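Numbering (our numbering), first residue to last: 1101 to 1475.
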Ligand SMILES: [Zn+2]
């Protein structure tokens, strides 16, 4: 049993508690929260300078792309980034597996406890079986030709069931509105069951995506036409979020939202990956439109980020928004846990096992802060 205290406890369930104390058992479960350290004999308390908050939730990652780290320092837009991703199979399994392991180690060191991870392969399976981190596996499906829809869903089902057969959470999810035909969207809906809690969809990452749906023209339409994509993709939808009409009623996490307008917003979760947005498009979302109640944060993959660190993402959001420190921590912890349905994570509450991070070394900004996983 440990008693842990700091200058402030940010429980994210109630207001920050000055000098509050967490009582935690050997399994990491919070047994009690004391508002005042005088309630416990002082020799039993471990005191830290800084603030304590729950473990971070990385709501969007592609762990299996970790080996594409440092292929380029930045790219000139989304299509150039896709060229990097297309090289993903040019590496040995050993190299890929080693990169995945080292990326997970990095997340653990940076205080991340749970991850929403996009999977197109089972490359991460062996590592996830060890359960060092808690994963929601989003098995991504995409196909722009109607006649290939059944092939695409069959491939995704194989991957999903391998994860599920190993007691890992897995849901088949559409990659994006522009890369999935209405027919494939229907098949994804048909295979969804009660164990699926949420979908995770790449959304409005480029201006071209908006032009495709609103004006039915532009570079994305030209590109899709050149690869014989079904015109139903843009003709049947008037915006990226139109896909909500084609999916069962589950939660949806819209990811990126770099070109999302306030009029586009739905009652869903929004995930921002600011470091990756700067890397790929050199643009950030307009944070003034997002509520701190349903915005969560992800790192995206090491193919488009120099590190997998939620505190670095939060520091970048802080610089480009008006969120308070408490709101930033909600974005980094509580909201991601809610979006992924991870009820034991995200807040410091009795009965939960959320992990505990110490954030220290900052005066007015998170930029110079340090994170240390305490529990
Ligand atoms: Zn992504």
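By construction, the Cβ of each residue, glycine as well, lies at the ideal position given by its N, Cα and C atoms.
Here the structure is a predicted model, which is why all the values come from computation and not from measurement.
Margin query: Suppose the cutoff is 8 Å on Cβ atoms and the five residues either side in sequence are ignored; what does the same chain contact list for residue 1233 look like?
Written below: Excluding sequence neighbours, residue 1233 sits near 1204, 1207, 1208, 1212, 1213, 1214 and 1215.
Notebook entry, point to check: Between residue 1208 and ligand 1, is the CB less than 7 Å from at least one heavy atom?
Noted result: no
Notebook entry, point to check: Would the C-beta of residue 1162 count as close to ligand 1, meaning under 7 Å from any of its heavy atoms?
Noted result: yes
Notebook entry, point to check: So residue 1185 is in the alpha helix (DSSP H); what residue range does that whole segment cover?
Noted result: 1178-1185
Next item on the list: Return the bridge partner residues of residue 1460 from the DSSP annotation.
Entry: 1470
Check: From what residue to what residue does the beta strand (DSSP E) around residue 1231 run?
Finding: No beta strand (DSSP E) holds residue 1231; DSSP gives it neither H nor E.
Checklist line | Proximity winner among 1150, 1117 and 1144, relative to residue 1134 (alpha-carbon distances) | finding: 1117
Next item on the list: Below 8 Å on the Cβ atoms is my guess for residue 1445 versus residue 1229; work out the distance and round it to an integer in Å.
Entry: Incorrect: roughly 20 Å between the Cβ atoms, too far for contact.
Check: When we look at the beta-carbon of residue 1260 and count the other beta-carbons within 10 Å, is it buried (16 or more) or exposed?
Finding: buried
Next item on the list: Give the single residue among 1121, 1167 and 1168 whose Cα lies nearest to the Cα of residue 1147.
Entry: 1121
Check: Secondary structure at residue 1445, three-state DSSP: helix, strand or coil?
Finding: coil
Margin query: Tell me which residue opens and which closes the beta strand (DSSP E) that residue 1157 is part of.
Written below: 1156-1161
Next item on the list: With a threshold of 16 other CB atoms inside 10 Å of the CB of residue 1363, please say whether the residue is buried or exposed.
Entry: exposed
Next item on the list: Tell me, to the nearest whole angstrom, how far the beta carbon of residue 1160 is from that of residue 1398; I am working on the premise that it is less than 8 Å.
Entry: 3 Å
Checklist line | residue 1438 to residue 1328 span [Cα, whole Å] | finding: Roughly 39 Å separates the two Cα atoms.
Next item on the list: Taking only heavy atoms of ligand 1 into account, decide whether any of them is closer than 7 Å to the Cβ of residue 1184.
Entry: no
Notebook entry, point to check: Under 7 Å from any heavy atom of ligand 1, does the C-beta of residue 1471 make it?
Noted result: For ligand 1, not one heavy atom lies less than 7 Å from the Cβ of residue 1471.
Checklist line | For residue 1240, the nearest candidate out of 1225, 1248 and 1219 (CA to CA) | finding: 1219
Next item on the list: Taking all protein chains shown into account, decide if residue 1251 is buried (16 or more other Cβ within 10 angstroms of its Cβ) or exposed.
Entry: With fewer than 16 other CB atoms across the displayed protein chains lying within 10 angstroms of its CB, residue 1251 is exposed.
Note to self: Spatial neighbours of residue 1333 within its chain, please: C-beta separation below 7 Å, excluding the five flanking residues on both sides.
What the structure shows: Cβ within range, chain order: 1244, 1278, 1281 and 1324.
Check: What does a CB cutoff of less than 8 Å around residue 1480 pick up in its chain, not counting 5 residues either side in sequence?
Finding: Absent from the structure is residue 1480, since the part of the chain shown begins at 1101 and ends at 1475.
Next item on the list: Apply the 10 Å Cβ neighbour rule to residue 1106 and answer buried if 16 or more other Cβ atoms are within range, or exposed otherwise.
Entry: buried
Check: Helix, strand or coil for residue 1247 per DSSP?
Finding: helix
Checklist line | Beta-carbon separation (whole angstroms), residue 1466 vs residue 1402, contact threshold 8 Å | finding: About 21 Å; that fails the 8 Å criterion.
Next item on the list: Could you tell me which residues DSSP puts in a beta bridge with residue 1269?
Entry: Beta-bridge partners assigned by DSSP to residue 1269: 1236.
Item checked: Cβ shell of residue 1195 (< 6 Å), same chain only, five flanking positions each side left out -> 1167
Check: Under 8 Å, do residue 1177 and residue 1455 count as touching if we go by C-beta distance?
Finding: no
Next item on the list: Output the residue ranges of the beta strand (DSSP E) runs that lie fully inside the stretch 1291-1375 and measure 3 residues or longer, sorted by chain position.
Entry: 1298-1303, 1351-1356 and 1369-1372
Notebook entry, point to check: Is residue 1223 near ligand 1, with its Cβ less than 7 Å from a heavy atom?
Noted result: no
Margin query: Here's the rule I'm using: 16 or more other beta-carbon atoms within 10 Å means buried, otherwise exposed. How should residue 1269 be labelled?
Written below: The residue is buried, with at least 16 neighbouring Cβ atoms inside 10 Å.
Note to self: For residue 1069, count the other beta carbons within 10 Å of its own beta carbon; 16 or more makes it buried, fewer makes it exposed. Which is it?
What the structure shows: Residue coverage of the chain in this structure runs from 1101 to 1475, which leaves residue 1069 outside it and unanswerable.
Notebook entry, point to check: What are the residues that DSSP puts in a beta bridge with residue 1217?
Noted result: 1161 and 1237
Item checked: Proximity winner among 1375, 1377, 1395 and 1380, relative to residue 1367 (alpha-carbon distances) -> Looking at 1375, 1377, 1395 and 1380, the one whose alpha-carbon comes closest to that of residue 1367 is 1395.
Checklist line | residue 1302 CB to nearest heavy atom of ligand 1 below 7 Å | finding: yes
Next item on the list: Just confirm the distance between the C-beta atoms of residue 1460 and residue 1149, as a whole number of angstroms; I'd bet it's less than 8 Å.
Entry: 6 Å
Margin query: Can you give me the C-alpha to C-alpha distance between residue 1312 and residue 1101, rounded to a whole angstrom?
Written below: 57 Å
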